[in-house]
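**Student:** Residue numbers (the working numbering), protein chains in the order written: chain A, 1 to 273; chain B, 274 to 546.
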Ligand SMILES: NC(=O)c1ccc[n+]([C@@H]2O[C@H](COP(=O)([O-])OP(=O)(O)OC[C@H]3O[C@@H](n4cnc5c(N)ncnc54)[C@H](OP(=O)(O)O)[C@@H]3O)[C@@H](O)[C@H]2O)c1
Ligand SMILES: NC(=O)c1ccc[n+]([C@@H]2O[C@H](COP(=O)([O-])OP(=O)(O)OC[C@H]3O[C@@H](n4cnc5c(N)ncnc54)[C@H](OP(=O)(O)O)[C@@H]3O)[C@@H](O)[C@H]2O)c1
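Structure below.
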């Protein structure tokens with residue numbers, strides 16, 4: 001973790017968002033509030049909502065890229081990133097641009113962007129460790145992970161990061177690899193348990209303990225995100241598979257211990273008779 | 274759920290506790306504060322702590338039962354209940370007594386008590402749905418489950434229940450069977466996940482999401498209770514086994530869905546090449 005540079009004064013940015021789904025919309029509200037200009041494009045038509053938010057929405061990718069953005073922010077689903085990026089007409093770009101992404105996995109977009117984004121453009125990989133639910137009361141003290149993968153224009157990069165620092169985020173600079181290791185152990189595990197609890201259709205009972213209430217909350221917040229997001233966490237984080245195995249193994253071990261204790265208990269009650 | 278009778282004025286009780294472990298000690302502090310008298314006996318010697326709390330501690334079960342209690346409160350581990358109750362010299366009792374238990378399963382102590390407690394004594398099965406952790410800030414709004422299994426002395430029973438009502442507990446009268454069904458789905462499931470997370474040795478990371486923090490809390494509060502308690506929840510709640518199967522099945526289903534989505538994804542990227 002490096003200390004975050006906060007000395008220089010940030011500038012107002014023109015930010016073009018690709019993938020204007022729930023998370024991008026959530027981010028956009030705060031970014032606009034800070035005075036930056038937003039343009040957006042997406043597979044689906046979000047022009048009605050965009051008008052309400054005061055955002056120019058482009059149905060055409062060429063026109064979007066020509067609209068001259070300081071930053072192109074990728075917020076597509078993890079599963080569609082490669083398809084979206086590979087179909088982008090990069091020759092339409094007006095000049096040097098910072099490509100930033102907010103995907104919940106990090107090694108994968110790093111690789112995709114390094115392979116596709118023009119050499120004179122910068123690459124910043126980020127993961128805000130919060131969403132519309134956990135960040136609805138503001139972003140203060142919530143963690144913002146970033147990796148300055150390929151940065152030549154320091155001023156633009158700094159101004160972009162400043163958006164999150166201004167809101168009080170805990171700024172954490174770690175490598176994409178380190179992020180994916182930690183995220184598999186924590187966020188991915190949480191989503192796996194959340195989707196398991198959803199399969200089990202758990203819900204409040206009249207005798208909930210405080211612990212069970214926490215599980216109900218985990219289920220609810222997990223399933224507010226799309227199943228695609230969860231699949232993306234699994235497919236494109238190479239550390240996730242091991243986590244599923246660890247979870248299976250843990251269940252096996254717990255079952256084993258219960259069985260052993262049950263046998264002991266039966267032996268004891270037989271010898272007591 | 275029946276409405277709780279609160280009209281009559283409660284009396285001061287002499288309560289004898291059998292099994293003076295962590296949960297009984299936690300209950301005792303509040304019961305003493307309300308002005309009731311407590312005596313205790315247990316497998317291990319808790320006389321030092323008892324002196325500090327102002328409680329008479331009996332190392333001898335005969336003397337304990339002769340000490341003339343209005344209520345005998347059973348707070349042994351689930352696994353030792355039967356052994357403890359079957360070795361009690363009930364002929365030492367001075368008079369009609371209310372036998373109450375606080376075990377986290379309910380059909381099982383109901384059966385054990387109905388089989389062993391003298392006919393002229395009453396039986397009340399209860400489960401405070403909280404413990405030293407979740408109840409450390411007081412018992413207000415925490416659920417107290419009870420089943421009036423065999424009650425002839427209404428006044429004593431009411432005075433005992435009043436202890437929990439006075440602290441602001443949500444009083445919930447349900448059958449032991451209904452309790453066990455609901456508790457398997459909620460508390461037992463929570464403990465199973467808590468012990469699984471303990472097997473996995475999860476702990477805070479630098480990028481915890483709020484959801485993951487909740488899982489860490491579930492792990493911590495589960496493992497503050499003994500593994501014996503968890504085994505008791507499994508062995509002596511006939512609905513628990515199904516819950517373990519449901520959990521396994523849910524993990525299987527989630528894995529299956531991930532696999533299907535991954536195959537789709539691979540097919541799509543092959544056909545896009
Ligand atoms: N939700 C969160 O809490 C959170 C937090 C941090 C980071 N993230 C990351 O932010 C990104 C967006 O997440 P999200 O919550 O909005 O939901 P998501 O389901 O992960 O992604 C939805 C977005 O992906 C686009 N998309 C999906 N399939 C597509 C396809 N085949 N072709 C083109 N575009 C496609 C959608 O476009 P249309 O809307 O135009 O259909 C929409 O903009 C994800 O990468 C996620 O990992 C999310
Ligand atoms: N902890 C909670 O949050 C909670 C909440 C609600 C209900 N309960 C219930 O309250 C009861 C007590 O729970 P706990 O948390 O104190 O821990 P526990 O491990 O379930 O039980 C400990 C108690 O059981 C006694 N015991 C254990 N093995 C015994 C044996 N072989 N022979 C005789 N006595 C034995 C211990 O005696 P010594 O101390 O003398 O060794 C101690 O008093 C349990 O039935 C539990 O289900 C607990």
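Quick reminder that beta carbons are idealized off the backbone N, C-alpha and C, glycines included.
Is the Cβ of residue 389/B closer than 8 Å to any Cβ of chain A?
**Tutor:** By 1-based counting over the second chain, the position of residue 389/B is 116. Answer no: the Cβ-Cβ gap between residue 389/B and chain A never drops below 8 Å.
**Student:** Residue range of the alpha helix (DSSP H) that residue 355/B falls in?
**Tutor:** The count along the second chain starts at 1 and reaches residue 355/B at position 82. It spans 354–359 - the alpha helix (DSSP H) in which residue 355/B sits, taken as one unbroken run.
**Student:** Judging by CA-CA distance, which residue of 389/B, 470/B and 396/B is the nearest neighbour of residue 371/B?
**Tutor:** Sequence index remark: in the second chain, residue 371/B carries index 98 (1-based). Of the listed residues, the one whose Cα sits closest to residue 371/B is 396/B.
**Student:** Going by DSSP in three states, residue 366/B sits in which element: helix, strand or coil?
**Tutor:** Against the second chain, residue 366/B aligns to sequence position 93. Residue 366/B: coil per DSSP, three-state reduction.
**Student:** In three-state terms, what does DSSP make of residue 345/B?
**Tutor:** To locate residue 345/B, count along the second chain from 1; it is residue 72. Three-state result, residue 345/B: strand.
**Student:** Run down chain B in chain order and give the residues with a C-beta less than 9 Å from the C-beta of residue 179/A.
**Tutor:** Mapped onto the first chain, residue 179/A falls at position 179. Scanning chain B for C-beta atoms nearer than 9 Å to the C-beta of residue 179/A yields 480, reported in chain order.
**Student:** List the residues of chain B whose Cβ lies closer than 7 Å to the Cβ of residue 327/A, in chain order.
**Tutor:** Only positions 1 to 273 of chain A appear in this structure, which leaves residue 327/A out of reach.
**Student:** Mind checking residue 383/B: buried by the 16 CB within 10 Å criterion, or exposed?
**Tutor:** Residue mapping note: residue 383/B aligns to position 110 of the second chain, counting from 1. With 16 or more other Cβ atoms within 10 Å, it is buried.
**Student:** Kindly indicate the opening and closing residues of the alpha helix (DSSP H) around residue 339/B.
**Tutor:** To locate residue 339/B, count along the second chain from 1; it is residue 66. Looking at the DSSP string, the run of the alpha helix (DSSP H) that includes residue 339/B is 334–339.
**Student:** Do residue 343/B and residue 288/B have their beta-carbon atoms positioned less than 8 Å apart in this structure?
**Tutor:** Against the second chain, residue 288/B aligns to sequence position 15. Against the second chain, residue 343/B aligns to sequence position 70. Yes, Cβ-Cβ distance for residue 288/B and residue 343/B is below 8 Å.
**Student:** Can you give the beta carbon distance from residue 375/B to residue 401/B, rounded, assuming they're within the 8 Å contact cut?
**Tutor:** Looking up residue 375/B in the second chain gives position 102. Looking up residue 401/B in the second chain gives position 128. Between residue 401/B and residue 375/B the Cβ distance is about 6 Å, and since that is below 8 Å, they are a contact.
**Student:** Listing by chain order, which chain A residues have their CB less than 8 Å from the CB of residue 491/B?
**Tutor:** Translated into the one-based positions of the second chain, residue 491/B becomes position 218. Within chain A, the residues near residue 491/B are 211, 214 and 215.
**Student:** Could you give the uninterrupted runs of the beta strand (DSSP E) lying entirely in the segment 361–410 of chain B, keeping only those of 3 residues or more?
**Tutor:** 371–374 and 395–401
**Student:** Are there 16 or more other CB atoms within 10 angstroms of the CB of residue 424/B, so buried, or fewer, so exposed?
**Tutor:** Counting from 1 along the second chain, the entry for residue 424/B is found at position 151. Flag for residue 424/B reads exposed.
**Student:** Within 7 Å: the Cβ of residue 128/A and any heavy atom of ligand 1?
**Tutor:** Position 128 of the first chain, counted from the start, is the residue given in the question as residue 128/A. Answer for residue 128/A: yes, Cβ within range of ligand 1.
**Student:** Which value, in whole angstroms, describes the spacing of the CA atoms of residue 274/A and residue 166/A?
**Tutor:** The structure shown has nothing for residue 274/A, since chain A only spans 1 to 273.
**Student:** Measuring straight from C-alpha to C-alpha, what distance separates residue 541/B and residue 197/A?
**Tutor:** Taking the first residue of the second chain as position 1, residue 541/B is located at position 268. Taking the first residue of the first chain as position 1, residue 197/A is located at position 197. Straight-line spacing of the CA atoms in residue 541/B and residue 197/A works out to 29 Å.
**Student:** Using the C-alpha atoms, what's the distance from residue 338/B back to residue 267/B?
**Tutor:** What the structure shows of chain B is the stretch from 274 to 546, and residue 267/B is not part of that stretch, so it cannot be assessed.
**Student:** Between the alpha carbons of residue 224/A and residue 377/B, how many angstroms are there, rounded?
**Tutor:** The residue labelled residue 224/A in the question sits at position 224 within the first chain. The residue labelled residue 377/B in the question sits at position 104 within the second chain. When rounded, the distance between both Cα atoms is 33 Å.
**Student:** Count the other CB atoms within 10 Å of the CB of residue 458/B; is the residue buried (16 or more) or exposed (fewer)?
**Tutor:** Here residue 458/B corresponds to residue number 185 of the second chain, with the count starting at 1. Residue burial is scored here from C-beta neighbours: residue 458/B has at least 16 other C-beta atoms within 10 angstroms and is therefore classed as buried.
**Student:** In chain order, what are the residue ranges of uninterrupted alpha helix (DSSP H) at least 4 long that sit wholly in the segment 455–488 of chain B?
**Tutor:** 462–472
**Student:** Distance, Cα to Cα, residue 525/B vs residue 200/A?
**Tutor:** In the second chain, counting from the first residue as 1, residue 525/B sits at position 252. In the first chain, counting from the first residue as 1, residue 200/A sits at position 200. Between residue 525/B and residue 200/A, the C-alpha separation is close to 12 Å.
**Student:** By the DSSP assignment, the beta strand (DSSP E) with residue 512/B in it spans what residues?
**Tutor:** Numbered from 1 along the second chain, position 239 holds the residue referred to as residue 512/B. Element bounds for residue 512/B: n/a, residue is neither H nor E.
**Student:** Beta carbon of residue 189/A: closer than 7 Å to some heavy atom of ligand 1?
**Tutor:** Within the first chain, numbered from 1, the residue matching residue 189/A stands at position 189. Outside the cutoff, so no.
**Student:** Name the one or two DSSP bridge partners that residue 327/B has.
**Tutor:** On the second chain, residue 327/B is found 54 positions in, with the first residue counted as 1. Note: residue 327/B sits in no beta bridge, so no partner.
**Student:** Looking at C-alpha atoms only, which residue of 521/B, 319/B and 385/B is the closest neighbour of residue 332/B?
**Tutor:** Reading the second chain from its first residue, position 59 is the one you call residue 332/B. Of the listed residues, the one whose Cα sits closest to residue 332/B is 319/B.
**Student:** Between the segment 512–524 of chain B and the segment 157–164 of chain A, do at least 3 Cβ pairs fall closer than 8 Å?
**Tutor:** no
**Student:** Just checking residue 313/B against ligand 1 - is the residue's beta carbon closer than 7 Å to any of the ligand's heavy atoms?
**Tutor:** Residue mapping note: residue 313/B aligns to position 40 of the second chain, counting from 1. No, the beta carbon of residue 313/B sits no closer than 7 Å to any heavy atom of ligand 1.
**Student:** Any beta carbon from chain A within less than 8 Å of residue 456/B's own beta carbon?
**Tutor:** As a working mapping, residue 456/B is identified with position 183 in the second chain. It does: the Cβ of residue 456/B has a partner Cβ on chain A nearer than 8 Å.
**Student:** At a cut of 8 Å, does the segment 495–509 of chain B reach the segment 167–177 of chain A through at least three beta carbon pairs?
**Tutor:** With the cut-off at 8 Å, the segment 495–509 of chain B and the segment 167–177 of chain A do not touch.
**Student:** Going by C-alpha distance, which of 120/A, 50/A, 202/A and 168/A is nearest residue 460/B?
**Tutor:** The residue you call residue 460/B lines up with position 187 of the second chain. Of the candidates 120/A, 50/A, 202/A and 168/A, the one whose C-alpha sits nearest the C-alpha of residue 460/B is 202/A.
**Student:** For residue 95/A and residue 68/A, I'd like the C-alpha separation in whole angstroms.
**Tutor:** The residue given as residue 95/A occupies position 95 in the first chain. The residue given as residue 68/A occupies position 68 in the first chain. Roughly 7 Å between the two C-alpha positions.
**Student:** May I ask you to list the residues that DSSP assigns as paired with residue 170/A?
**Tutor:** For the purposes of this step, residue 170/A is identified with residue 170 of the first chain, where counting begins at 1. According to DSSP, which records beta bridges pairwise, residue 170/A is partnered with 143/A.
**Student:** Assuming residue 381/B and residue 399/B make a contact with CB atoms under 8 Å, what is their CB distance in whole Å?
**Tutor:** Position 108 of the second chain, counted from the first residue, corresponds to residue 381/B. Position 126 of the second chain, counted from the first residue, corresponds to residue 399/B. Actually they are not in contact, since the Cβ atoms of residue 381/B and residue 399/B sit about 14 Å apart, beyond 8 Å.
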